[in-house]
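Structure, rendered in structure tokens:
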């Protein structure tokens, strides 16, 4: 069973957020660029295995939020597929407190 | 007494509702429906703009004819210095304007263009074959794919930096398919732009659509992540952003 989670995040900027989450989860994000992901964004993991994507909640095509249900959050963290959904959630909730909120949790 | 007066025009008498008499001080005479009047004014402004655009095109055409000798000389000079293609060379023939031949040359460039991140046309075609085969296997044989983003423009949209400099540049691929869009809608994947496209597909979207394995295979093959967005038609996709259609 693999989980796919979405977190909403508050921060002043994406770069510092990547550093903070990296410390909390013990990972190092790689800087990426994609017009589909709001330009500059961060990614950790390997395709097909565990992946984490940290990006702006911004759609460049129509210049609006990507996750319209969660427009209040300026940044999004997509986690999945992962086998350690609970561990990641506990770390983020404990160490980032109100700056991180679990918005969606799916299991396949 | 209730005035409906959104533009601040000078009404002579007060009449409730959207109908309102006017003294003509702002070019509006008599009693008319204010909203209808505003729509008519907007239509007039639009047609006036279109007329200007049309005549602007004619002026540009006349200009190109008048300056054709200069264009011919520049093309000839480029060709003498070896800086032109055989198609541009055709423009030196007296019957074909150089500007037309240069335009044909540009179109030929576009047709043979390959996205940044591929070392050769063969690599691009091999990637395209995998993509099309994977889409067909997943039940989306009507899908047409087009590269978008910095792999097409060569620069990052937000920073202007070249492709793959300082950050890994992903492959952003539009998938144009009514079948795929309908399936996405069935699965509850959010549609955007009035229902003509999805948001960028997330990992769980890909899983639901049966495209996870394909995305992983393509990412491994390209050595960089592949991101998908579904559009209703190829026309919608290429009108949204510079694109290179997968052959």
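Residue numbers (the numbering used here), protein chains in the order written: chain A, 496 to 603; chain B, 1405 to 1651.
Where is the CB? At the ideal position from N, CA and C, for every residue including glycine.
Residue 1582/B - containing alpha helix (DSSP H), residue span: Counted as a single uninterrupted DSSP element, the alpha helix (DSSP H) harbouring residue 1582/B occupies residues 1582 to 1590.
Residues that residue 543/A contacts on chain E, provided the C-beta gap is smaller than 7 Å: The structure shown has no chain E; the protein chains it does contain are A and B.
Identity of the residue in 524/A, 518/A, 506/A and 575/A nearest residue 499/A by Cα: With distances taken between Cα atoms, residue 499/A lies closest to 575/A.
CB contact check: residue 1635/B to chain A, cutoff 8 Å: Residue-level contact check: residue 1635/B does not touch chain A, since none of the beta carbons of chain A fall below 8 Å from its beta carbon.
Pick from 543/A, 552/A and 528/A that is closest to residue 536/A, judged by C-alpha positions: Among 543/A, 552/A and 528/A, the Cα nearest to that of residue 536/A is on 528/A.
Residue-chain proximity (residue 1512/B, chain A), Cβ-Cβ < 8 Å: Confidence in residue 1512/B is poor, its pLDDT being 48 and thus under 50, which makes the residue's placement too unreliable to answer from.
Neighbourhood of residue 1647/B by C-beta distance below 7 Å, restricted to the same chain and skipping five residues each side: Contacts found: 1550, 1551, 1552, 1556, 1578 and 1641.
Closer than 8 Å to chain B by CB, residue 499/A: Using a Cβ-Cβ cut-off of 8 Å, residue 499/A counts as an interface residue toward chain B, since at least one Cβ of chain B sits closer than that to its own.
Between the CA atoms of residue 513/A and residue 1632/B - distance to the nearest angstrom: One C-alpha to the other measures close to 23 Å.
Rounded separation between residue 570/A and residue 1626/B - CA only: One alpha carbon belongs to residue 570/A, the other to residue 1626/B, and they sit about 27 Å apart.
Opposing strand residues paired with residue 601/A [DSSP bridges]: By DSSP's assignment, residue 601/A forms a beta bridge with 499/A.
Euclidean distance between Cα positions of residue 1539/B and residue 1587/B: Using only the alpha carbons, I get a separation of about 13 Å.
Within 8 Å, strictly: CB atoms of residue 1564/B and residue 1650/B: Between residue 1564/B and residue 1650/B, the gap from beta carbon to beta carbon reaches 8 Å or more.
Residue 496/A versus residue 587/A - alpha carbon distance: So the two alpha carbons sit approximately 21 Å from each other.
Short CB-CB distance (under 8 Å) between residue 516/A and chain B: No Cβ of chain B is located within less than 8 Å of the beta carbon of residue 516/A.
Reduced DSSP secondary structure (H/G/I, E/B, other) of residue 558/A: Residue 558/A falls in the coil class under three-state DSSP.
is_contact[residue 509/A, chain B] using C-beta, thresh 8 Å: Put simply, the CB of residue 509/A is far from chain B, with every gap to its CB atoms at 8 Å or more.
Within 7 Å of chain B by C-beta, residues of the segment 522 to 534 of chain A in sequence order: Correct list: 525, 526, 527, 528, 529, 530, 531, 532 and 534.
Closer than 8 Å to chain B by CB, residue 583/A: Not one chain B Cβ lies under 8 Å of residue 583/A.
The segment 1588 to 1603 of chain B in contact with the segment 535 to 550 of chain A per 3-pair CB rule at 8 Å: In this structure the segment 1588 to 1603 of chain B does not touch the segment 535 to 550 of chain A; the number of beta carbon pairs closer than 8 Å is below three.
Three-state secondary structure (DSSP) of residue 1631/B: Note: residue 1631/B maps to strand in three-state DSSP.
Near-chain A residues of the segment 1541 to 1557 of chain B - C-beta to any C-beta below 8 Å: Taking 8 Å as the Cβ-Cβ cut-off against chain A, the residues of the segment 1541 to 1557 of chain B that qualify are 1552, 1553 and 1554.
Cut-off 6 Å between Cβ atoms - residues of its own chain near residue 1560/B, not counting five sequence neighbours on either side: Only 1554 meet the Cβ criterion.
Rounded C-alpha distance that separates residue 577/A from residue 1624/B: When only Cα atoms are considered, residue 577/A and residue 1624/B end up about 19 Å apart.
Partner residues on chain B for residue 569/A, Cβ-Cβ distance less than 7 Å: For residue 569/A, no chain B residue has a Cβ inside 7 Å of its Cβ, as the nearest lies near 15 Å away.
Counted within 10 angstroms of its Cβ, other Cβ atoms place residue 534/A as buried (16 or more) or exposed: Result: buried.
Any C-beta of chain A under 8 Å from that of residue 1623/B: Judged by the 8 Å Cβ criterion, residue 1623/B is in contact with chain A.
Residues bridged to residue 1526/B [DSSP beta-bridge criterion]: DSSP, once it has assigned bridges, lists no residue as partnering residue 1526/B.
Cβ-based burial, residue 552/A [other Cβ within 10 Å; buried from 16]: Counting the other Cβ atoms within 10 Å of the Cβ of residue 552/A gives 16 or more, which makes it buried.
DSSP three-state assignment for residue 522/A, whether helix, strand or coil: Per DSSP, reduced to three states, the secondary structure at residue 522/A is coil, with no helix or strand assignment.
Cβ shell of residue 600/A (< 6 Å), same chain only, five flanking positions each side left out: Closer than 6 Å at Cβ, skipping near neighbours: 500.
Burial state of residue 602/A (16 or more Cβ within 10 Å): With fewer than 16 other Cβ atoms inside 10 Å of its own Cβ, residue 602/A counts as exposed.
Chain-ordered chain B contacts of residue 503/A [CB-CB under 7 Å]: Within 7 Å Cβ-Cβ: nothing; residue 503/A doesn't reach chain B, min ~14 Å.
Neighbour list for residue 1643/B in chain A, Cβ cutoff strictly below 8 Å: Result: empty, since nearest Cβ-Cβ is about 11 Å, beyond 8 Å.
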